[in-house]
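First the structure, in the form of structure tokens, and then the observations on it.
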Amino acid sequence: MSSSELVRLAKRKENRKAIETAYANAAQSYLIHYSCESFYNNESGQSRRVTSIAVRNLASAQTHSWSIHKSAELQKKLENINDDLDSLEHHMLEDYFQFLRNHANFTFIHWNMRDEAYGFQAIEHRFRVLGGEPYILQDERKLDLARVLTALFGNSYAPHKSASGRKGRLMSLIEMNEIEDLDALQGAEEADAFKNGEYLKLHRSTLRKVDIFANILDRVHGKTLKTDATFSDLYGFKPVVLIEIVKTHPLYSLAGILITGVTFYTRVFGLFM
Numbered sequence: 000m001s002s003s004e005l006v007r008l009a010k011r012k013e014n015r016k017a018i019e020t021a022y023a024n025a026a027q028s029y030l031i032h033y034s035c036e037s038f039y040n041n042e043s044g045q046s047r048r049v050t051s052i053a054v055r056n057l058a059s060a061q062t063h064s065w066s067i068h069k070s071a072e073l074q075k076k077l078e079n080i081n082d083d084l085d086s087l088e089h090h091m092l093e094d095y096f097q098f099l100r101n102h103a104n105f106t107f108i109h110w111n112m113r114d115e116a117y118g119f120q121a122i123e124h125r126f127r128v129l130g131g132e133p134y135i136l137q138d139e140r141k142l143d144l145a146r147v148l149t150a151l152f153g154n155s156y157a158p159h160k161s162a163s164g165r166k167g168r169l170m171s172l173i174e175m176n177e178i179e180d181l182d183a184l185q186g187a188e189e190a191d192a193f194k195n196g197e198y199l200k201l202h203r204s205t206l207r208k209v210d211i212f213a214n215i216l217d218r219v220h221g222k223t224l225k226t227d228a229t230f231s232d233l234y235g236f237k238p239v240v241l242i243e244i245v246k247t248h249p250l251y252s253l254a255g256i257l258i259t260g261v262t263f264y265t266r267v268f269g270l271f272m
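In numbering that gives the first Met the number 0, the protein residues as written are 0 to 272.
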């Protein structure tokens, strides 16, 4: 087994442990997702407006959410929501960052929220643009579910286009595992909803997606998630490799095979138990 395969197995063990830790501390773990103005076809280069954010507690399933639509309702501005978007977005983000500040020691499990295009940093930057001072959640408090899945199941765990033609591995997993996805919008659909001022629709999509992430995470934890991962994707080698080693190695007597098998199991398969 090559060094790269051993590294891969070690990463698999590390990410499996991260999942176990999250469930051991489920009351202090949240799933998080947000929607925003499309960051594609952005000729101006301006930061993308955040439209809704949701967090769901891993233990209780209690969900907190913030959105332009909710802020407009609280401030009695629903009828003229598009006339004061900056103020409404600022109100939404101010409440969100206060929540982060109050839960600084919690773990936040997300899907690809890792940079200034889309992620915690993008929300922080957006709040600064609006004149706010964001609370910075430390990186060790973030767990990227998308990267966890790659570490556990390999790069080909799900196609980038689902069986029905929807884009993204998330949509593929939803269909492969028959997960309820009512209200969950794809990227292009979210962009259209923003253009049409359908902020409630965006909010519902965000809420649905944290539910979906919780469903996927439960299946990962229970080792029941359906993927396209092969044996070699999971373990870094093909079963035939073991057979060839046994057939060709001069020291493999029957006793040697048994001893080696026990050693192999404890040393290698122990990496992903």
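Beta carbons are placed, not taken as given, at the ideal position from N, Cα and C, and that holds for glycine.
| Item | Value |
| --- | --- |
| Backbone secondary structure at K10 - three-state DSSP | helix |
| Identity of the residue in S66, L142, S46 nearest S34 by Cα | S66 |
| Burial state of E78, where buried means 16 or more other Cβ atoms lie within 10 Å | exposed |
| Q185 versus T205, K76, E177, K141, residue with shortest Cα-Cα distance | T205 |
| Outcome for G153 when other beta-carbon atoms lying within 10 angstroms are tallied against a minimum of 16 | buried |
| Contact under 8 Å by Cβ, S64 with L201 | no |
| Inter-stretch contact at 8 Å, needing at least 3 Cβ pairs: the region 152 to 167 / the region 209 to 229 | yes |
| Same chain, Cβ closer than 6 Å to K10, neighbours up to 5 away in sequence not counted | A150 |
| Residue(s) in a DSSP beta bridge with G118 | R113 |
| Run of the alpha helix (DSSP H) containing I215, from where it starts to where it stops | 198 to 220 |
| Per-residue DSSP class, three states only, for P133 | coil |
| From E123, A23, Q45, residue whose alpha carbon lies closest to that of L57 | A23 |
| C-alpha gap between E115 and E123, whole angstroms | 9 Å |
| Where the alpha helix (DSSP H) containing H274 begins and where it ends | Nothing about residue 274 can be read from this structure; the chain reaches only from 0 to 272. |
| Backbone secondary structure at L181 - three-state DSSP | coil |
| Stretch-stretch touch, CB-based, cutoff 8 Å, three pairs: the region 96 to 110 with the region 130 to 138 | yes |
| Check whether K208 and H32 have beta carbons under 8 Å apart | yes |
| Nearest to T20 (by Cα), restricted to the options F105, L92, N195 | F105 |
| Three-state secondary structure assigned by DSSP to Y273 | Residue numbering for the chain in the displayed model covers 0 to 272; residue 273 lies beyond these limits and cannot be assessed. |
| For D227, the three-state DSSP class (helix, strand or coil) | coil |
| H109 vs L144 beta-carbon contact at 8 Å | yes |
| is_contact[E174, chain C] using C-beta, thresh 8 Å | Here there is only one protein chain, and chain C is not present. |
| Three-way DSSP call (helix, strand, coil) for N56 in this model | strand |
| Top-ranked residue by Cα proximity to T344, from E174, E197, G196, K194 | The displayed coordinates of the chain run from 0 to 272. Any statement about residue 344 would go beyond what the structure contains. |
| Proximity to L172 [Cα-Cα], best of I135, L199, A192, N214 | N214 |
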